[in-house]
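Let me begin by presenting the structure, written as structure tokens, before commenting on it.
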Amino acid sequence: MTDPLELLRRELGDIVDTTPASLEAARADRSGHRSPGHPLAVVHARTVEDVQTTMRIASRTMAPVVVRGAGTGLAGAANAGPGEIVLSTAAMTGILEVRPDDLIAVVEPGILNADLNAHLATLGLWWAPDPASRDISTVGGNIATGAGGLLCAKYGVVRDAVLGVDLVLADGRMLRLGHRTVKGVTGLDLTSLVIGSEGRLGIVVGATLKLRRLVPGVVCTLTASFRTVRDAAAAAAAVTAAGVQPAIMELMDARSLAAVHALLRLPAPVEGTAQLTIQTDGPASREEAERVAAVLRAAGGAVALTDDPAEGERLLQVRRSMHPAMASLGTTLIEDVAVPRSAMPAMFDEIARIEREYGVSIPTVAHAGDGNLHPNFIFDGVEVPSHIWAAADELFRAAIRLGGTLTGEHGIGMLKSRWLAEELGEDQWQVQRDIVRVFDPQGILNPGKVFDA
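The opening residue of the sequence shown carries number 8 in this note's numbering; numbering runs sequentially from there.
Here's what the structure looks like:
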């Protein structure tokens, strides 16, 4: 028998889902982009053995496979199309082991960030990666995309918080990569290679995570308003140059700030106002907050500071509401470039130039603590118009000219693959494609994503 669907049904039974609603949902992620048709089936894996069986069938029948978690990605990497098997790990939500003495946890890929940290908090621990989608995104998806978030300037990104992964290869074999130890340099670092590989190298079915103890002391939250977004970006760079390390430093330009205020029914900000939202934590948080406030005031900011946890969370909720605010304005192409922190003012100048030259509006927020910007292109309809892609093309090239990169945390997926070779250079691009073929000689894992021929 060579029919992959029949083989899946025979060997996996009721976890093989061909209902129209499931097939339709698997066509898209949170980027808003959809594949041109429906996949063959969704396999709701519950165990490692389910994943291995699926991959053995796919390898035997040459059926392409798209791995999917919660579908919260923003680059189309988990979108599945005609003839493809969707391998969902969303039901694999176990916390297999927590060792507070070693500061590690072993988890399955489908567990949500927020659920994991709710459990760890009862033990005085936490896992640092903090994407804005933490309430709905999975640890496996974070690993697949190399996710970042609001806290990464101080506490690092997913790559800094994963010690090892269990990886099922395209032919069903499983590799246990990495270590349970803080140090370990035996052989090549395949764990780091898998992080951010967007489903091209294998299926993550387990992860050994590096934990932290909960940070003692109070959290202080500051907001600072500026006349222009360039002034706010310059102030953020000044905070970094002053040697203070906030836990969170987020920037919202005037359009994004106004959109969130409208969504949350808050008083409208003064026209043109940009805002920084900053948090300090740890035993010295109050002292650091005062130092940050002094830098911001010297840069022309109107500063407010609180150490009340509820008020701090309310202020931070303005930033966390960015995505629904953008959705309320129309269809959104959410982009994700990063530049050196000192180059942020220049990048905002580039965004303003592109808005003028292409006649588009690009509301932008930034993880100002690490130079990662999220410009949002707003348009009507489902398909991205050609002039929006042209403006995005100019934006990507501007970031690269400033010493930056196409993506800081969302990944390449299907949306940015056309620009990847330009950033990497032809030789590195080809070497990376060769590495993919070592892991997946048949080319059945997430074909058409990341590397566009």
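Cβ coordinates follow ideal geometry from the N, Cα and C atoms, glycine included.
None of the values given here were measured: they were computed from a predicted structure.
Please confirm whether F233 and G279 have their CB atoms less than 7 angstroms apart.
-> No; because the gap between Cβ atoms is not below 7 angstroms, this pair is not in contact.
DSSP three-state assignment for M421, whether helix, strand or coil | coil
Excluding the five sequence neighbours on either side, which residues of its own chain have a C-beta within less than 8 angstroms of the C-beta of G2, listed in chain order?
-> The displayed coordinates of the chain run from 8 to 460. Any statement about residue 2 would go beyond what the structure contains.
DSSP state of L312, grouped into three classes?
-> strand
P11 by DSSP, collapsed to three states: which one?
-> helix
State the Cα-Cα distance for the pair R75 and E294, rounded to the nearest angstrom.
-> Answer to the nearest angstrom: the Cα atoms are 44 angstroms apart.
Roughly how many angstroms separate the alpha carbons of E357 and E257, rounded to a whole number?
-> 19 angstroms
Which residue's Cα is closest to the Cα of T339: P107, I369, R360?
-> I369
Between the C-alpha atoms of L422 and V391, what's the straight-line distance to the nearest angstrom?
-> 11 angstroms
Residues that H374 bridges to, as DSSP identifies them = E257, N379
With 16 other Cβ atoms within 10 Å as the buried cut-off, status of D142 = Answer is exposed; the Cβ neighbour count stays below 16.
Is H330 helix, strand or coil when you go by DSSP?
-> helix
Buried versus exposed call for Q59 [16 or more other C-beta atoms within 10 Å across all chains shown] | buried
Once you ignore the five residues that flank V277 on each side, which residues in its own chain have a CB closer than 8 angstroms to its CB?
-> S232
The beta strand (DSSP E) with H51 in it runs from where to where?
-> 48 to 51
CB contact flag (L174, V146, <7 angstroms) = no
Please report how far the alpha carbon of I385 lies from the alpha carbon of V267, in whole angstroms.
-> In this model, I385 and V267 are separated by some 15 angstroms (Cα to Cα).
Residue of E115, L218, E430, F458 minimising C-alpha distance to V443 | F458
List the whole-angstrom C-beta distance separating L303 from A242, where the pair is believed to meet the contact cut-off of C-beta under 8 angstroms.
-> 5 angstroms
Identified DSSP bridge partners for I285 | L229, M256
Contact under 7 angstroms by Cβ, R298 with V251 | It is a contact, given that the beta carbons lie within the stated cut-off.
From the DSSP output, which residues share a beta bridge with L452?
-> Per the DSSP secondary-structure output, L452 pairs in a beta bridge with V72.
Within 10 angstroms of its Cβ, does T188 collect 16 or more other Cβ (buried), or is it exposed?
-> That one is exposed.
Mind checking who G185 pairs with in its DSSP beta bridge?
-> G171
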